[in-house]
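These notes concern the structure reproduced below.
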Amino acid sequence: MSLVTVTVLHYRPMARFRAFANMGRALLKPFKAEGLRFQKLLGSGINFGLVPNLSTYVFLGVWDSEQQANTFLQSPHFATLRRGTDQVGTLFLEPYHAHGLWDGVNPFTENSDGPTLRQRTANSEQPQADRRSPVADNSSPVAVLTRATIRTGALPDFWRHVPAARQRLLDHKDNLLFAIGVGERPITQQCTISVWRNRAAVEQFAYRQSGHKEVVRRTRDKRWYDEELFARFRVIRAEGFTFSL
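Next up, the structure:
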């Protein structure tokens, strides 16, 4: 079973140029660490919008084991990414449901390589239960990740609906413990990471009262995305000032 870490790094004002430069370095020279199967360094947007938040970044890693993740997060290599921060927090997550693709693979499957783009059609024919790990119990916090590469022709329609999506999250703030909008590339590659009080809260937001189902239907009907991925995780633990779960 893979382990996923989501580390939120908040930088002091004088370190923001260094933080922005880290994005380029991560693309040119990704981290190398034992057990690190997939990684992304993601920038964030103010209020989930187009204006970049140059103070806040997210490092996402998929690991073979929790021990390997801990070793890396305490290493000098990761310390270079933490340099200049005033707040750092890490979520340790266990995926229990994931479908879709990120750069042609599903990084949250048990197979360390994930399904390839060529395998996607075959996998989609399998029952969903076959591709799930044990479901999180209803008393534990649940993390949700959605990401997509937005089709160029769909960009105006997509971004027009972002304020309403943000408001739907705020309407559930009693059950929403944390949320951030991040991305690999401005405008076209977007990702939302949220943490909910329990599985029932996620189900209520996704399927009952929020209008979220209608938005999902619109994305399919209007073909907003070239590639998309949706995943849910059991929160194993949270460390650092950023999270108070």
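Position one of the sequence shown corresponds to residue -4 (the numbering used here), numbered consecutively onward. Every residue gets a Cβ at the ideal spot worked out from N, C-alpha and C, and that includes glycine.
query: Just to confirm my understanding: we take Glu179, look at its own chain, exclude 5 residues before and 5 after, and list those with CB closer than 7 Å. What are they?; result: Lys35, Leu37
query: Measure how close the beta-carbons of Phe228 and Val46 come, nearest whole angstrom, since I'm counting them as under 8 Å.; result: The Cβ separation is near 28 Å, so there is no contact.
query: Take Val100 as the anchor and find which of Arg232, Phe225, Ala233 has the nearest alpha-carbon.; result: Phe225
query: Nearest-angstrom Cα distance between Asn193 and Leu164?; result: 15 Å
query: Go through its chain and collect everything with a Cβ distance to Asn133's Cβ below 6 Å, but skip five positions before and after it.; result: Asn193, Arg194, Ala195
query: Find the nearest neighbour of Arg7 within the set Ala21, Asn48, Pro25, judged by alpha-carbon distance.; result: Asn48
query: Could you work out which residue in Val1, Pro151, Gly79, Gly148 is closest to Phe67 when comparing CA atoms only?; result: Val1
query: Among Gln82, Asp81, Leu76, which has the Cα closest to the Cα of Arg20?; result: Leu76
query: Measure the C-alpha to C-alpha separation of Ser60 and Val53 and round it to an integer number of angstroms.; result: 20 Å
query: If we require 4 or more residues per run, which alpha helix (DSSP H) segments fall completely within the stretch 124 to 210?; result: 150 to 155, 157 to 165, 194 to 202
query: Looking only at its own chain, which residues have a Cβ that is under 6 Å from the Cβ of His167, when we skip the five neighbours before and after it?; result: Phe200
query: Along the chain, where does the alpha helix (DSSP H) containing Glu61 start, and where does it finish?; result: 61 to 68
query: Taking only the alpha-carbon atoms, compute the straight-line gap between Trp58 and Trp191 and give it to the nearest angstrom.; result: 23 Å
query: For Pro158, count the other beta carbons within 10 Å of its own beta carbon; 16 or more makes it buried, fewer makes it exposed. Which is it?; result: exposed
query: Taking the C-alpha atoms as reference points, what is the distance between Thr85 and Arg232?; result: 8 Å
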